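The structure under discussion appears below in the form of structure tokens.
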Amino acid sequence: MLSKKLAAIDKTWCVACGVCENACPIGAVKVRRGCYAAVEAERCVGCGKCAKLCPVGCIEVKARADA
Numbered sequence: 001m002l003s004k005k006l007a008a009i010d011k012t013w014c015v016a017c018g019v020c021e022n023a024c025p026i027g028a029v030k031v032r033r034g035c036y037a038a039v040e041a042e043r044c045v046g047c048g049k050c051a052k053l054c055p056v057g058c059i060e061v062k063a064r065a066d067a
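The opening residue of the sequence shown carries number 1 in the UniProt record's numbering; numbering runs sequentially from there.
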């Protein structure tokens, strides 16, 4: 069962530092091509660890549209 929450990353602010990727306990966040981070929605549990640790504040935990 999917969580009712999902991390969302604003790619225009992301600096691809990898903090969120390292913070995610289940590996749902990956830095893509060294340019930005992306969330695998089907894996994200909405814990918010990535958002809490993001140094530029480009991650927000939101309600899933399909929840």
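Think of the CB as a built atom: it goes at the ideal place given N, C-alpha and C, for glycine as much as any other residue.
Given the structure is predicted, the values throughout are model-derived calculations rather than measurements.
Anyone know if the C-beta pair for Cys17 and Cys50 falls short of 8 Å? Reading the sequence shown from its first residue, position 17 is the one you call residue 17. Reading the sequence shown from its first residue, position 50 is the one you call residue 50. Going by beta carbons, Cys17 and Cys50 fall outside the 8 Å limit.
When DSSP labels each residue in this structure, what does Val19 get in the three-state scheme? In the sequence shown, counting from the first residue as 1, residue 19 sits at position 19. Three-state result, Val19: helix.
Cα-Cα separation between Leu6 and Lys52, rounded to whole angstroms: By one-based count along the sequence shown, residue 6 stands at place 6. By one-based count along the sequence shown, residue 52 stands at place 52. Whole-angstrom Cα-Cα distance: 13 Å.
Exposure label - Cys44; buried when at least 16 CB within 10 Å: The residue you call residue 44 lines up with position 44 of the sequence shown. Cys44 should be labelled buried.
What's the call for Ala63, buried or exposed, on a 16-neighbour Cβ count within 10 Å? As a working note, residue 63 is residue 63 in the sequence shown. In the assembly as shown, Ala63 is an exposed residue. Its beta-carbon has fewer than 16 other beta-carbons within 10 Å.
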